[in-house]
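Quick notes on the structure that follows.
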Amino acid sequence: MSEKKVSLLEGFKAFLMRGNVIDLAVAVVIGAAFTNIVNAVVKGVINPLVGAFGTQDLDNYSSCLQGPCTTDPKTGEMDGIEILWGSVLSAALSFLITAAVVYFLMVLPMAKYLARRAAMQAAKEGVQETLEVSELEVLKEIRDALVAQRTGGVPGSDGPGSDEGPGAAGGEAAGPRADR
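As structure tokens, this is what we get:
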């Protein structure tokens, strides 16, 4: 049974030590702090601006669904059914601001960075391919020169890579032949 506990603990330790779990934990902590900042901006800046144009703070906008919506000053209880749509609107604004900031400060720059990196990688592969092609061309020229030197002809005139047939450079190739 102790072997099973050790293996479970080792597996849990391996799970925790993976990079993705650590990155996720950091993201959650930073996200929580960022949410506090956004909520403070909405409650401290946006809600008062809405209150300046309207009659009250955004969180205080509501509608009465049933009966007179009055608050008992002694107990603080509400008579009637109140729909707090101002709070929902405030939460929606918080979400939109958070989503916009995350998109413009994190997602968009990362997408541009990855696109630039992919373009650089593609250009690097293109240069490498060009080098391979030019290396192949040099090897073909060396082969043609060796064939021409062996047969005694002009390089590129009757080798395996030439456009002309054997002896097309002016009759027979110059130099001694074995069949003469």
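Quick note on the UniProt record's numbering: the sequence shown kicks off at 1 and runs consecutively. In this text, a Cβ means the ideal position worked out from N, Cα and C, and glycines have one as well.
When the Cα atoms are used, what is the spatial distance from A119 to S62?
53 Å
How would you label S42, buried or exposed, when you count the other beta carbons within 10 angstroms and need 16 or more for buried?
In the sequence as displayed, the identity of residue 42 is Val instead of Ser. So V42 ends up on the buried side.
Can you grab the Cα-Cα spacing for the pair Q149 / I142, in whole Å?
10 Å
According to the neighbour-count rule (16 or more other Cβ atoms, all chains shown, within 10 Å of its Cβ), is V28 buried or exposed?
exposed
Return the residue from the list D72, A100, M17, E135 that minimises the CA-CA distance to T35.
A100
Could you pull out every unbroken beta strand (DSSP E) segment of at least 3 residues lying fully inside the stretch 58-82, listed in chain order?
63-71
So D79 and T70 are in contact, right, with Cβ under 8 Å, and what is the actual spacing, rounded?
5 Å
One question on the structure: do V26 and T98 come within less than 8 Å of each other, judged by their Cβ atoms?
no
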